[in-house]
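Student: Just so we're aligned, residue 198 is where the sequence shown starts under the working numbering, counting upward by one.
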Amino acid sequence: MKSNILDEEATKLQTSLDYIISRNWNGLSEILDEHTIYFLTSVPQYTEEGFTGFATITQMIFFDETSKRVIYTFPATPDGTVTSVIAENISDIDFSAGGETQWLTYDATLSYEGVIRRTNGAVRFF
198 MKSNILDEEA TKLQTSLDYI ISRNWNGLSE ILDEHTIYFL TSVPQYTEEG
248 FTGFATITQM IFFDETSKRV IYTFPATPDG TVTSVIAENI SDIDFSAGGE
298 TQWLTYDATL SYEGVIRRTN GAVRFF
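1. Is D289 helix, strand or coil by DSSP?
2. According to DSSP, is L229 part of a helix, a strand, or is it coil?
3. Alpha carbons only, please: which of Y243, D276, H232, T249 is nearest the one belonging to V267?
4. Looking at the structure shown, is S308 part of a helix, part of a strand, or coil, going by DSSP?
5. Can you give the Cα-Cα distance for E205 and Y216, rounded to whole angstroms?
6. Starting from the Cα of T316, find the closest Cα among F322, Y309, A305 and give me that residue.
7. With C-beta atoms as the reference, is K300 less than 7 Å away from R314?
8. Just the Cα atoms here: how many angstroms apart are N201 and Q211?
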C-alpha cells in the first residue's frame, strides 16, 4: 500500500509537469537552482473596453524542502498569486534543461513511511 502512494505521487508529478509546461510554455528562464523552474508565459489582458494586448508573467515550480512538496505558483491578479501543490512525499528533486534540447528533465526521490522510490522523467516544451 505504501508503494502505491509513491506510485500515485510519481504519476501526479509527471502529469502535472506535462500539463503545466505544455499548456503554458513560452520561455524558460535559466535554471539557477536545481530545485526551481522559472518560466515566462504570455497572457491576454482585458479591460472594460476589451482586449488590450498580451502581458508576460513569470510562473514558478519549486521544491519546498520543509513540506516535502513540489509547488506551482503563478500571478492570478495584479496583487495576488495562486499556489497549487502538484506532488507530495518528495525527499529531493533536481530539474534540468540543457543546451539544444527541448526537454525539461527531472530526477526525484519520493519517500513515505520508510519506503523510498526514485523516479525520473521529461517534459517537452516548445
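We put the beta carbon where it would ideally sit given N, CA and C, even for glycine. The structure displayed is predicted, hence computed values, not measured ones.
Tutor: Working from what's here:
1. DSSP places D289 in the strand class (E or B) of the three-state scheme.
2. In the three-state reduction of the DSSP assignment, L229 falls in the coil class, being assigned neither a helical nor a strand state.
3. It is H232 whose Cα lies nearest to the Cα of V267.
4. Taken through DSSP and simplified to helix, strand or coil, S308 comes out as strand.
5. 16 Å
6. Closest by C-alpha distance to T316, out of F322, Y309, A305, is A305.
7. The sequence as given places Trp at residue 300; Lys does not occur at that position. In this structure, R314 does not lie closer than 7 Å to W300 by Cβ.
8. 15 Å
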